[in-house]
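Everything on this sheet refers to the single structure shown next.
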Amino acid sequence: MASVATVTRTTETVSPELQAYITDHTDPVDPVLAELAEETARLYPDQKGMQIGTEQGALTTLLTRIQGARDAVEIGTFTGYSALCFARGLPEDGRLLALDTSEEWTSVARRYWERAGVADRIDLRIGPALETLRALPEQEQFDIAFLDADKTGYLDYWEELVPRMRPGGLLLADNTLSHGRVVDSNNTEPHVQGIRDFNDRLMSDDRVTQVLLPIGDGLTLARKN
Ligand SMILES: C[S@@+](CC[C@H](N)C(=O)[O-])C[C@H]1O[C@@H](n2cnc3c(N)ncnc32)[C@H](O)[C@@H]1O
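Just so you know, we're using the working numbering here: the sequence shown kicks off at 417 and counts up by one.
The following block contains the structure:
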């Protein structure tokens with residue numbers, strides 16, 4: 417999509433020192449989140465990178481509060497870090513619908529949600545997320561949504577979620593830079609192409625207004641008009 421005019425200010429390259437500074441100037445993680453991250457790294461060293469980072473977690477809680485969200489949905493829960501960040505931003509009578517296929521990973525999540533005192537706000541459903549979404553009652557709507565599961569499924573999740581968002585509702589999608597591979601035309605891996613297709617689709621979707629932020633591996637924020 418050709419832009420009429422662009423104003424480019426290059427995002428800082430984040431050196432390890434700058435990353436440490438950013439972390440030092442963001443609300444620190446509390447002991448429950450810290451222990452959840454530690455246990456995840458210990459139990460699943462090869463998968464720990466799937467968890468959102470400290471700043472993204474803080475942003476998630478903040479955005480949930482700014483939205484005044486009551487009904488949230490997350491696609492891709494893993495060991496529950498991002499879900500805990502959403503749940504903490506919800507009011508006591510708020511609800512997060514958390515979707516994942518793994519009983520094992522989410523059993524870790526359930527323990528930490530109990531410890532954090534937010535388990536009663538989280539409705540975890542195990543199964544392919546697309547099936548769960550399609551089976552929801554027609555009237556079920558959300559104020560905030562998070563896409564963080566299989567990247568080849570993002571477009572289908574998007575089409576299910578947008579009609580279910582209340583006006584002004586916020587959709588967040590993680591990994592929208594695919595570790596920089598979105599701009600590598602030699603890379604045709606399905607999960608990278610899935611993200612490219614998703615990013616392109618949003619640009620032609622006049623139901624939303626969006627921005628792609630270079631936080632973590634890229635986080636897209638899209639507000640339903
Ligand atoms: C990147 S991880 C989620 C990380 C999590 N948001 C966090 O911050 O800790 C992706 C998760 O998506 C789940 N997943 C993959 N395909 C899925 C599908 N078709 N339906 C539901 N969950 C799926 C995986 O089991 C995995 O736990």
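All residues carry an ideal CB built from backbone N, CA and C; glycine is no exception.
Distances taken from the Cβ of residue 516 to the heavy atoms of ligand 1 include one shorter than 7 Å. For the set 504, 520, 511 and 516, the Cα lying nearest the Cα of residue 459 is the one of 520. Residue 580 sits away from residue 539, with the two beta carbons spaced by 8 Å or more.
Looking at the DSSP output, residue 639 shares a beta bridge with 586 and 625.
By the Cβ test, the segment 555 to 574 is in contact with the segment 482 to 494, since at least three Cβ pairs between them sit closer than 8 Å. Taking 8 Å as the cut-off, the beta carbon of residue 480 is found no closer than this to the beta carbon of residue 496.
Here the distance from the Cβ of residue 497 to the nearest heavy atom of ligand 1 is below 7 Å.
Straight across, the Cα-Cα distance linking residue 566 with residue 588 is about 15 Å. Assignment of residue 631 by DSSP, reduced to helix, strand and coil, places it in the coil class. For residue 477, the closest C-alpha among the options 443, 450 and 509 is that of 443. With a cutoff of 8 Å on beta-carbon distance, residue 549 and residue 573 are scored as near each other. Residue 541 sits in a strand when the DSSP states are folded into three classes.
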